[in-house]
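Chains as they are written, first to last, in full-length UniProt numbering: chain X, 1 to 230; chain F, 1 to 230.
Even glycine gets a Cβ: it sits at the ideal position worked out from N, Cα and C.
Notes to accompany the following structure.
There are 2 protein chains.
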Amino acid sequence: MSTAHGARARARIEVTAAIKEEARRQLAAEGAARLSLRAVARELGMVSSALYRYFPSRDDLLTALIIDAYDSLGESAEGAHDAAASPFERWITVCEAVRGWALDHPHEYALIYGSPVPGYTAPDTTVPAAARVGLLLIGIARDAHQGPAPDRPALADDLRPEAERMAADLAPDLPPGAVTALVAAWAQLYGLVGFELFGQFNRVVEDRETFFRHAVGRLALGVGLVPGPG
Amino acid sequence: MSTAHGARARARIEVTAAIKEEARRQLAAEGAARLSLRAVARELGMVSSALYRYFPSRDDLLTALIIDAYDSLGESAEGAHDAAASPFERWITVCEAVRGWALDHPHEYALIYGSPVPGYTAPDTTVPAAARVGLLLIGIARDAHQGPAPDRPALADDLRPEAERMAADLAPDLPPGAVTALVAAWAQLYGLVGFELFGQFNRVVEDRETFFRHAVGRLALGVGLVPGPG
DNA sequence: CAAAAACGAGAGCAGTGCTCTTGCATCGGC
DNA sequence: GCCGATGCAAGAGCACTGCTCTCGTTTTTG
Chain X
1 MSTAHGARAR ARIEVTAAIK EEARRQLAAE GAARLSLRAV ARELGMVSSA
51 LYRYFPSRDD LLTALIIDAY DSLGESAEGA HDAAASPFER WITVCEAVRG
101 WALDHPHEYA LIYGSPVPGY TAPDTTVPAA ARVGLLLIGI ARDAHQGPAP
151 DRPALADDLR PEAERMAADL APDLPPGAVT ALVAAWAQLY GLVGFELFGQ
201 FNRVVEDRET FFRHAVGRLA LGVGLVPGPG
Chain F
1 MSTAHGARAR ARIEVTAAIK EEARRQLAAE GAARLSLRAV ARELGMVSSA
51 LYRYFPSRDD LLTALIIDAY DSLGESAEGA HDAAASPFER WITVCEAVRG
101 WALDHPHEYA LIYGSPVPGY TAPDTTVPAA ARVGLLLIGI ARDAHQGPAP
151 DRPALADDLR PEAERMAADL APDLPPGAVT ALVAAWAQLY GLVGFELFGQ
201 FNRVVEDRET FFRHAVGRLA LGVGLVPGPG
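In structure tokens form, the structure reads like this:
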């Protein structure tokens with residue numbers, strides 16, 4: 001089989017892990033644009049050309065780091081998630097976990113939600129990891145809609161086809177209007193996080209934690225989650 | 001003094017403009033990370049070291065491009081702005097202008113609203129240009145609040161100090177709750193634009209124009225703007 | 001007119017991603 | 001156990017990059 005095949009295979013996974021670890025350290029310290037293959041190799045005591053045996057290009061190394069970052073963020077969000085709480089509280093908790101992770105890993109956040117690296121397009125392998133937070137938010141909305149449906153303004157005619165298509169794709173058991181609001185809230189959440197992280201709130205918002213909690217609370221209302229018991 | 005004296009000063013402005021023009025072209029074509037001083041100089045038929053007489057570093061050239069990008073975006077938004085329309089319609093128009101500009105200038109949008117270039121912090125000179133769209137949105141909200149105040153949920157106690165501080169800073173004539181909603185909507189607008197531009201909506205949102213118009217319409221509602229006549 | 005400042009050109013330094021070749025260690029089939 | 005195929009590290013090298021310094025030349029200024 002593949003696992004026990006000698007010391008060679010074992011060494012390969014160890015070196016691969018060491019490269020990613022060192023690369024992640026440089027990424028956290030300096031940012032994606034300053035991540036240098038040669039510096040990683042130098043720090044690991046190997047020569048730069050040897051590193052290409054493990055990652056055929058710098059972009060491939062970046063892709064691995066991107067997937068790891070998505071997974072780390074998804075894990076944080078899922079870990080903060082208390083399934084016993086009310087949907088509204090769970091929404092707030094997940095949003096705060098996303099913000100907290102972003103503040104703890106600014107460069108990794110920038111890597112996945114900031115400007116894409118030029119000449120680089122994320123391969124499809126990143127999609128599942130990238131979807132984790134979204135799926136979590138969909139799950140919360142789904143639980144909330146088990147109860148009585150809040151009155152939601154009727155769907156405008158021109159939005160209806162797209163809303164129904166999105167609902168069919170993402171959450172067939174939810175009303176199309178709720179799914180549309182959910183996707184918008186999902187994007188808007190990252191607007192709030194990104195503005196804080198990238199300095200756009202400098203000299204504008206001071207008490208960012210409180211501001212954020214209220215903003216995502218209003219986002220939750222838009223999705224149909226209600227505070228209070230239940 | 002430095003101004004207007006002789007052919008040297010004139011040449012300096014011309015060369016500076018040519019550098020920025022060529023740099024902007026490369027920026028649009030390849031993205032900020034691939035913007036190369038040497039390539040700009042080569043294209044202009046000068047040697048790379050000569051370019052340092054005009055921009056002391058690559059970051060200084062980037063700063064100039066950032067300011068230009070903010071101004072270009074601000075101009076687009078202000079140009080699309082029809083002062084005769086209703087505040088709600090004006091809000092939608094400005095948001096759509098921001099989105100349109102972003103789709104037309106993706107790399108420049110990424111430069112100002114994407115990940116900050118590592119090791120680079122925007123100097124204060126960018127602030128006025130960066131504030132233009134925000135000021136435009138504030139103006140729309142101000143006009144809307146000339147009329148009867150819509151009923152808005154009371155400010156939560158923990159948010160009140162920050163909300164009042166923001167209102168005092170940004171729009172003393174607006175209720176603190178409206179200013180808070182406005183700042184949040186401002187950030188959320190860029191979440192919507194960024195997600196579309198950076199590919200997060202791939203395989204999720206198809207009819208992005210319609211989706212966007214409705215999402216920013218709901219944003220407007222949150223700020224207290226109402227559709228229909230008025 | 002002479003001193004000073006601005007300028008273009010070139011060489012050079014340290015760094016980058018990436019490729020190619022050269023030996024050596026390990027592995028699988030006989 | 002041997003032997004050819006494969007995996008791997010090392011080094012040299014290419015074409016770049018940002019940036020600095022020096023050296024004449026030109027323009028501006030006092």
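Check: Out of F:Val205, F:Ala39, F:Pro161, F:Val226, point me to the one whose CA is closest to Gln146 (chain F)'s CA.; Outcome: F:Val226
Check: Under 8 Å, Cβ to Cβ, is there at least one residue of chain F near Ala28 (chain X)?; Outcome: no
Check: Any residues in the segment 211-228 of chain X with a beta carbon nearer than 7 Å to a beta carbon of chain F? Which ones, in chain order?; Outcome: Phe211, His214, Ala215, Arg218, Gly222
Check: Does the pairing of the segment 90-103 of chain F with the segment 206-214 of chain F give three or more beta-carbon distances under 8 Å?; Outcome: yes
Check: To the nearest angstrom, report how far apart Val15 (chain F) and Arg90 (chain X) are at their CA atoms.; Outcome: 57 Å
Check: Given that Asp207 (chain F) touches chain X, what residues does it touch there, using C-beta distances under 9 Å?; Outcome: Asp158, Leu159, Pro161, Glu162, Arg165
Check: Residues of chain F with a CB under 8 Å from the CB of Gly74 (chain X): which are they?; Outcome: Result: empty, since nearest Cβ-Cβ is about 14 Å, beyond 8 Å.
Check: Nearest-angstrom Cα distance between Gly194 (chain F) and Gly100 (chain X)?; Outcome: 20 Å
Check: Does the segment 38-46 of chain X come close enough to the segment 69-81 of chain X to have 3 or more Cβ pairs within less than 8 Å?; Outcome: no
Check: Could you spell out the range, first to last residue, of the alpha helix (DSSP H) harbouring Pro128 (chain F)?; Outcome: 127-130
Check: When the cut-off is 8 Å and only beta carbons count, does Gly114 (chain F) lie next to chain X?; Outcome: yes
Check: Measuring straight from C-alpha to C-alpha, what distance separates Ala18 (chain X) and Ala28 (chain X)?; Outcome: 15 Å
Check: From what residue to what residue does the alpha helix (DSSP H) around Gln26 (chain X) run?; Outcome: 6-30
Check: Can Gln200 (chain X) and Leu192 (chain F) be called in contact, C-beta distance under 8 Å?; Outcome: no
Check: Excluding the 5 residues flanking Val179 (chain F) on each side, which residues of the same chain have their C-beta closer than 7 Å to its C-beta?; Outcome: Ala163, Met166, Ala167, Leu170, Ala171
Check: Cβ closer than 8 Å: which chain F residues qualify as neighbours of residue 246 (chain X)?; Outcome: Absent from the model: residue 246 (chain X). The displayed extent of chain X is 1 to 230, so no value can be given.
Check: Pick out whichever of F:Ala23, F:Leu182, F:Val205, F:Arg25 has its Cα sitting closest to the Cα of Arg142 (chain F).; Outcome: F:Leu182
Check: Take Ala154 (chain F) as the anchor and find which of F:Val133, F:Leu136, F:Pro176, F:Tyr113 has the nearest alpha-carbon.; Outcome: F:Pro176
Check: In angstroms, rounded to a whole number, what distance separates the CA positions of Ser72 (chain X) and Ala144 (chain F)?; Outcome: 43 Å
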